[in-house]
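Under the UniProt record's numbering, the first residue of the sequence shown carries the number 1, and numbering increases by one thereafter.
Note that beta-carbon positions come from the ideal geometry of N, C-alpha and C, so glycine has one too.
No experiment lies behind these values; they were computed from the predicted model shown.
Data first, discussion second: the structure below is written as structure tokens.
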Amino acid sequence: MNQELFTINNLWIMVATILVFIMHLGFAALEAGLTRAKNTVNILFKNTVIPALGLITYAFIGFNLMYPGEAFSGGVFGLAGLGLSLPDGWDTATYSEGYTFFTDFIFQAMFAATAATIVSGAVAERIKLGPFLFFSLLYVGICYPIAGMWKWGGGFLDTLATPFYDFAGSTIVHSVGGWGALIGAYLLGPRIGKYKEGKTNAIPGHNLPLATFGVFLLWFGWFGFNGGSVLSADPGAVSLVFVTTALAAAAGAFGALLASYLKFKAYDITMVLNGILAGLVSITAGADLMSPTDAVIIGFVGGILVVFGVVLFDKIKVDDPVGAISVHLICGIWGTLAVGIFGDLAGGSQILSQLTGIVAIGAFCVAFSFVVFFVLKKTTGIRVDEREEIEGLDINEHGMHAYPDFATKE
């Protein structure tokens, strides 16, 4: 083993880990900015606890569920044990040619909490804190690792005749979160006043500068999300991933700008912000396979899809305050399919494998989310009462205001 190369590869993945960690601040800022001032503390609380919960849970069981070892190759479930320790007979030098065991864990752990963070935005402003945290515990600790094992842990999707491909998680991270978000928002029901007399009423966020800051933090962190998924510091591979990631995000902004202007005759900053995220989610499955032109097309289509996704979910009265379902679920599906349409693996058999992965992971996540949320709904309840929702979750669930020196009308 070349020790210098090993050190460089390992260092890059640790730097990428830091970038992905910063994304949690981006999610917090975006969700807080796109919701009302009276719920800001609640949003920030959830986005603070979720990474902490995710790290502990992933260390205790999630990592071993997701990467159970070669004995479970081609399977649907495996468990290498509990807790975080090197497998028997392994040491740091023999675990991998590119990184240490603990670098592998901490990089993967940063991804794990993202799935629950996606759900947080879609159920914002009306979910009870306790049941949400319990759902997050199960989703990060059990659902996400099992779905991830099916591909990244050597499970059955990785052993198909034409293997399912998801470079950095359009499906395994983003759609997993998106499916949970869809079920949660559906079972919760819309916020009070969102849909009245057949009309959709906009409930604007209270801080668009904060939301914009959040999106740029997410874009910044995404270079680590995708670039770190190369799992080495290979100059050619990492630089290509950086370029495709940046171009897809930029194209997503213009796709959403065009679609939202044609649809609403307005230059809507929230749509453009979600368009950037749509482009990023869309390229994540194939960032290492695409040419710059492919990345622009994929991102542009993602930006268009996110606008019509928001419209679709409003039509069926699924209330998503931040557009998380449209960004992460719809564009996660699109980005996963795009691997079979563009780039180095394009072909009919690859499209079928991509569809297989989308359907299998989707069905599992829908079933898991529905069971957990439905049981919670029938036992503890998952929605705050009407008075609490009107007054705000901050004062009722946390006993404080985000802006105590300022009067807010909501």
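How should D166 be labelled, buried or exposed, when 16 other C-beta atoms within 10 angstroms of its C-beta is the threshold for buried?
-> Mapped onto the sequence shown, residue 166 falls at position 166. That one is buried.
Mind checking D320: buried by the 16 CB within 10 Å criterion, or exposed?
-> For the purposes of this step, residue 320 is identified with residue 320 of the sequence shown, where counting begins at 1. Classification of D320: buried, given that the 10 Å Cβ count is 16 or more.
Element boundaries [alpha helix (DSSP H), containing residue 411] = Lying before the first or after the last residue shown, residue 411 is absent from the chain, which here runs from 1 to 410.
Complete alpha helix (DSSP H) runs within the region 1 to 45 (minimum length 4 residues, chain order) | 3 to 33
For V119, is the classification buried or exposed, using 16 other Cβ atoms within 10 angstroms of its Cβ as the cut-off for buried?
-> Along the sequence shown, one-based indexing puts residue 119 at 119. With 16 or more other Cβ atoms within 10 Å, it is buried.
Is V322 near L34, with beta carbons less than 8 Å apart?
-> In the sequence shown, the residue the question calls residue 322 occupies position 322. In the sequence shown, the residue the question calls residue 34 occupies position 34. In this structure, V322 lies near L34, with their beta-carbon atoms less than 8 Å apart.
Opposite Y195 in the DSSP bridges: which residues?
-> The residue labelled residue 195 in the question sits at position 195 within the sequence shown. DSSP, once it has assigned bridges, lists T200 as partnering Y195.
Skipping 5 residues on each side, what residues in its chain have a beta carbon closer than 7 Å to that of F370?
-> Mapped onto the sequence shown, residue 370 falls at position 370. Here F370 has I183 as same chain residues with Cβ atoms under 7 Å from its own Cβ, once five neighbours each way along the sequence are excluded.
Same chain, Cβ closer than 7 Å to K377, five either side skipped, listed in chain order | For the purposes of this step, residue 377 is taken as the residue at position 377 of the sequence shown. For K377, where only same-chain residues beyond five positions count, the Cβ hits under 7 Å are L187.
If T171 sits next to T356, beta carbons under 8 Å apart, how far is it from one beta carbon to the other, in whole angstroms?
-> Stepping through the sequence shown from its first residue, residue 171 is reached at position 171. Stepping through the sequence shown from its first residue, residue 356 is reached at position 356. Contact doesn't hold; Cβ gap of about 11 Å is too wide.
Relative to the alpha-carbon of V384, which residue among T284, T40 and F132 has its alpha-carbon at the smallest distance?
-> As a first step, residue 384 is located in the sequence shown; it is residue number 384 there, counting from the start. Comparing Cα-Cα distances from V384 to each of T284, T40 and F132, the minimum goes to F132.
Can you grab the Cα-Cα spacing for the pair P235 / A37, in whole Å?
-> Residue numbering aside, residue 235 sits at position 235 when the sequence shown is read from its first letter. Residue numbering aside, residue 37 sits at position 37 when the sequence shown is read from its first letter. Roughly 44 Å between the two C-alpha positions.
Starting from the C-beta of A71, find all residues in its chain whose C-beta is less than 8 Å away, skip the five residues before and the five after it, and write them out in chain order.
-> Sequence index remark: in the sequence shown, residue 71 carries index 71 (1-based). So the qualifying residues of the chain are G78.
Exposed or buried, what is M400 when buried is set at 16 or more other beta-carbons lying within 10 Å of its beta-carbon?
-> Reading the sequence shown from its first residue, position 400 is the one you call residue 400. It counts as exposed.
Given 8 Å, three or more beta-carbon pairs between the region 294 to 301 and the region 249 to 260 = yes
Taking the runs of the alpha helix (DSSP H) that are 4 residues or longer, which of them lie wholly in the region 284 to 344?
-> Note on the region 284 to 344: whole alpha helix (DSSP H) runs with a minimum of 4 residues are 292 to 315 and 331 to 341, in chain order.
Where does the unbroken alpha helix (DSSP H) through T117 begin, and where does it stop?
-> Taking the first residue of the sequence shown as position 1, residue 117 is located at position 117. Per DSSP, T117 belongs to the alpha helix (DSSP H) from F101 to A122.
Would you kindly report the start and end of the unbroken alpha helix (DSSP H) that includes E125?
-> Within the sequence shown, residue 125 is the residue found at index 125, counting from 1. Segment: none, E125 is in no alpha helix (DSSP H) and carries neither H nor E.
Using 8 Å as the threshold, is the region 210 to 221 in touch with the region 142 to 155, meaning 3 or more CB pairs across them?
-> Segment contact: the region 210 to 221 against the region 142 to 155, fewer than three CB-CB distances shorter than 8 Å; contact not assigned.
Could you tell me if D405 is buried or exposed, where buried requires 16 or more neighbouring beta carbons within 10 angstroms of its beta carbon?
-> Within the sequence shown, the letter at position 405 stands for residue 405. Exposed, by the Cβ-count rule.
Are the Cβ atoms of I328 and G178 separated by less than 8 Å?
-> Mapped onto the sequence shown, residue 328 falls at position 328. Mapped onto the sequence shown, residue 178 falls at position 178. The residue asked about is misnamed: residue 328 is His in this sequence, not Ile. Contact: yes.
Proximal residues to P51 (C-beta, below 7 Å), its chain only, five neighbours per side dropped = Translated into the one-based positions of the sequence shown, residue 51 becomes position 51. Excluding residues within five positions, the ones whose Cβ falls inside 7 Å are H24 and A113.
From G286 to E389, what distance separates their C-alpha atoms?
-> One-based indexing of the sequence shown puts residue 286 at position 286. One-based indexing of the sequence shown puts residue 389 at position 389. C-alpha separation (whole angstroms): 41 Å.
Range of the contiguous alpha helix (DSSP H) that encloses T171 | Within the sequence shown, numbered from 1, the residue matching residue 171 stands at position 171. Careful: T171 lies outside any alpha helix (DSSP H) and carries neither H nor E.
Exposure label - S353; buried when at least 16 CB within 10 Å | Here the question's residue 353 lines up with position 353 in the sequence shown. Counting Cβ neighbours within 10 Å, S353 comes out buried, since at least 16 surround it.
A346 to F164, Cα distance in whole Å?
-> For the purposes of this step, residue 346 is identified with residue 346 of the sequence shown, where counting begins at 1. For the purposes of this step, residue 164 is identified with residue 164 of the sequence shown, where counting begins at 1. So the two alpha carbons sit approximately 12 Å from each other.
Using a threshold of 8 Å, state whether the C-beta atoms of C57 and L137 are closer than that.
-> Mapped onto the sequence shown, residue 57 falls at position 57. Mapped onto the sequence shown, residue 137 falls at position 137. The residue asked about is misnamed: residue 57 is Thr in this sequence, not Cys. In contact: T57 and L137 (Cβ atoms closer than 8 Å).
What do you reckon, are the CB atoms on A181 and A363 nearer than 8 Å?
-> Start at 1 with the first residue of the sequence shown, and residue 181 comes out as number 181. Start at 1 with the first residue of the sequence shown, and residue 363 comes out as number 363. The Cβ-Cβ distance between A181 and A363 does not fall below 8 Å.
Top-ranked residue by Cα proximity to R126, from T117, I106, P190 and Q108 | Taking the sequence shown and counting its residues from 1, the one referred to as residue 126 is at position 126. With distances taken between Cα atoms, R126 lies closest to P190.
Considering only residues of the same chain and omitting the five flanking positions on each side of L257, which have a CB-CB separation below 6 Å?
-> The residue labelled residue 257 in the question sits at position 257 within the sequence shown. Hits under 6 Å: V272.
Should the region 3 to 17 be regarded as contacting the region 191 to 200, the criterion being three or more beta carbon pairs within less than 8 Å?
-> no
Identify every residue that forms a DSSP beta bridge with R383.
-> Taking the first residue of the sequence shown as position 1, residue 383 is located at position 383. R383 is bridged by DSSP to I127.
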